[in-house]
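Visitor:
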Amino acid sequence: PHSHFPRSSEDTTMRGVTCVVVLLAEIMVALADQNPYHPPTYHQPSPSYLHQPSYHPTSYHPHPTHNHQEPEVPVCASATNATWCLEDDNYPEYEIKQAVDYHYQKVLDLYTDVADLDTKLSVERPDTLQEETYLCPSETSYVKPLRAQNSIGKWRIIVNDIEVHYETLTQTTRIEQCLTSGNYCPKVPVCYESKCLQKSIYHRFLVYDPYDQYFPFAIETFKLPASCACLLGAYTIDH
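According to mature numbering (1 follows the signal peptide of the UniProt record, and there is no 0), the sequence shown holds residues -32 to -1, 1 to 207 in order.
1. Would you give the residue range spanned by the beta strand (DSSP E) that T108 belongs to?
2. Does the pairing of the segment 41 to 51 with the segment 153 to 164 give three or more beta-carbon distances under 8 Å?
3. In whole angstroms, what separates the C-alpha of N151 from that of A186?
4. For C153 and L103, I'd like the C-alpha separation in whole angstroms.
5. Give the DSSP-derived three-state secondary structure of E61 in the structure shown.
6. My guess is that V139 and L174 are in contact by the Cβ rule of under 8 Å, so how many angstroms apart are they, rounded?
7. What does a CB cutoff of less than 8 Å around S119 pick up in its chain, not counting 5 residues either side in sequence?
8. Once the 5 residues before and after R115 are set aside, which same chain residues still bring their CB inside 8 Å of it?
9. Taking all protein chains shown into account, decide if P39 is buried (16 or more other Cβ within 10 angstroms of its Cβ) or exposed.
10. By how many angstroms is the C-alpha of V158 removed from the C-alpha of P113?
11. Helix, strand or coil for L114 per DSSP?
12. Run through DSSP, which three-state label would C159 get?
13. Using only alpha-carbon positions, find the residue among D77, V156, L78 and Y179 that is nearest to E63.
14. Can you give me the C-alpha to C-alpha distance between T136 and E107, rounded to a whole angstrom?
15. Could you tell me which residues DSSP pairs with K167 in its beta bridges?
16. Apply the 10 Å Cβ neighbour rule to S195 and answer buried if 16 or more other Cβ atoms are within range, or exposed otherwise.
17. Can you tell me where the beta strand (DSSP E) with L103 in it begins and where it stops?
18. On the three-state DSSP scale, how would you describe A50?
19. Is the separation between the beta-carbon of residue 214 and that of V132 shorter than 8 Å?
20. Around the Cβ of Q117, are there at least 16 other Cβ atoms within 10 angstroms (buried) or fewer (exposed)?
21. Quick check on DSSP: helix, strand or coil for L(-9)?
This is how it looks when you write it as structure tokens:
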């Protein structure tokens, strides 16, 4: 025979809690079977490096002021017979400054070569008529041409009065022009055959070529009037 003892309220509570815990465990197991747990996958993005362009200094590419080649005779000389221009409304000063700044050291080497020529001292005339008598009248001046015709007949732009790097590039030359070239020598007796003759000298200038895309500078030779002579028959009297 089994004796039956009345159950206490604490036993009843414990059994209820146990049942709830077991039920919750079964529910969790069932949910786990339906949706198995997968740990999240973390993808570490690989660093993206942008391509850094290598530095290359831009080449000098001059752009001519006009869309066409310049005329054989520039506007500044179209109204005269001179082979040089001392004034030029179309002188490309800005373009020359840019080109000189880009090629400064090379241009300076060329400029030093021509600037060392002291044309004033090499062809200095006497100060008074007592020192020498001139058989033909002439006019002497010191000029800074902006354009000139070189020794082969091509017009060139001459680098003059260009300020760059706190320095002014100038090229001055002395010219002497006969006032009566081709006429008889006024101080020679008419019984002699005579004629005033314009004599020239070759001078070098630093020039700028707006159509040269690599190095638009060069030294070229120019024929300029240097003195006036009197031609007597087979002899020439120079001064």
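Glycine included, every Cβ here is placed at the ideal spot set by N, Cα and C.
Guide: The structure says:
1. That run of the beta strand (DSSP E) goes S106 to V111.
2. no
3. 38 Å
4. 6 Å
5. helix
6. One detail in the question is off: residue 139 reads as Gln in this sequence, not Val. The distance from the Cβ of Q139 to that of L174 is about 6 Å, consistent with a contact at the 8 Å cut-off.
7. Y170, E188, T189, F190 and K191
8. P42, C44, A45, W52, C53, D56, Y59, W123, R124, I125 and I126
9. Flag for P39 reads exposed.
10. 38 Å
11. coil
12. Correct three-state label for C159: coil.
13. Y179
14. 28 Å
15. S195
16. buried
17. For L103, there is no enclosing beta strand (DSSP E), as DSSP marks it with neither H nor E.
18. Residue state, collapsed to three classes: coil.
19. Residue 214 is absent from the structure shown; the chain starts at -32 and stops at 207.
20. Flag for Q117 reads buried.
21. helix
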